[in-house]
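Everything below concerns the one structure shown next.
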Amino acid sequence: MNGTDDILALFFNNSNLPFDFKDINKKNLDDTIYLTENGFSEPVGIYDCQTRTAKLTKSIINKSLVIDIDNVTLNGNNYSIGNGSLDIAVLISKNSKNISIEYLKLNSYNIDVFIEPSCEDIKFNYCIFKGMNLGICAFLSKNLSIEYNKYLNSTGIMLYGCKDTLIKSNHLSSNEKGIYLFEDNNNCNIIDNLFLDCIEGISIESKNSFNIISNNKFKNENNILQQYCISMLTCNHYNKITKN
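The numbering of the sequence shown is my numbering, which starts it at 485 and goes up by one.
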């Protein structure tokens, strides 16, 4: 394995992770559909190479989707991927750039969307994440934009080693952890999000620096045992928390 793969293996062997997953690898996914320069590998949608837009025309129930193409917009067209049993609903391949995902519903057993290392400029808008464990898991990537989505997972968003991330105007409901900055995330802006009945709204684990957490709202409407709106553990530096 190379250095990144070694780190990835250590990451998934960490007992503090909010899910149980043995290995992230395309070969180990359940039956898989690919989105590439040739479009979808099965007839689940249409791809326009001129506008670089892919659009689902039906839900994908028992198969994962691997996005292996740059500079593309995936319009879920309000269809779903997953039936609550997939390890991963959507995997964005290593080193991918400029991918937008919108109007998509996701429902996995472990991870709704896994972003492999070294991805850049990945955007999510108007999606619904309702898998059992984790909505978005991003690893060693930068310039992520996560806006106007809804999360019903155990953990809504988890970042590891990410830089320059915007998490704005999302609705996180009944999560054990709404947003989880696991380790070594820098220059993340977490602003204007609503946390409803979350046990922990925002959890900041270790070695996270220069992040801004501002104008978020935390509500407890159903007498949930709320431990923390925002929790911060060890070795975090120069983070700004204001007006929440």
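Ideal Cβ placement from N, Cα and C applies to all residues, glycine included.
Three-state secondary structure (DSSP) at residue i?
i    : result
K607 : strand
C682 : coil
I517 : strand
F694 : coil
T541 : coil
N562 : coil
N670 : strand
K724 : strand
K703 : strand
S548 : strand
S525 : coil
S602 : coil
Can you give me the start and stop residues for the beta strand (DSSP E) that residue i sits inside?
i    : result
L570 : Note, L570: premise wrong, no beta strand (DSSP E); not H, not E.
G529 : G529 to D532
Y712 : Y712 to T718
L588 : Taken as a continuous stretch (DSSP letters only), L588 belongs to no beta strand (DSSP E), as it is neither H nor E.
S745 : Nothing can be reported for residue 745: it is not among the residues displayed for the chain, which extend from 485 to 728.
I553 : That residue, I553, is in no beta strand (DSSP E); it is neither H nor E in DSSP.
D596 : I595 to I599
State buried or exposed for residue i, treating a residue as buried only when at least 16 other CB atoms are found within 10 Å of its CB.
i    : result
A603 : A small correction: the amino acid at residue 603 is Cys; Ala does not occupy that position in the sequence shown. The residue is buried, with at least 16 neighbouring Cβ atoms inside 10 Å.
N594 : buried
C533 : exposed
G662 : buried
G568 : exposed
C719 : exposed
Y722 : exposed
K547 : buried
I439 : Beyond the ends of the chain as shown, which are 485 and 728, falls residue 439; an answer cannot be given.
Y632 : exposed
Check whether the Cβ of residue i lies closer than 8 Å to any Cβ atom in chain B.
i    : result
N695 : Reference to chain B is not applicable here, since this structure consists of a single protein chain.
At 3 residues or longer, and completely inside the stretch 612-667: list those beta strand (DSSP E) runs for me, N to C. 618-623, 626-631, 639-644, 650-652, 655-657 and 661-667
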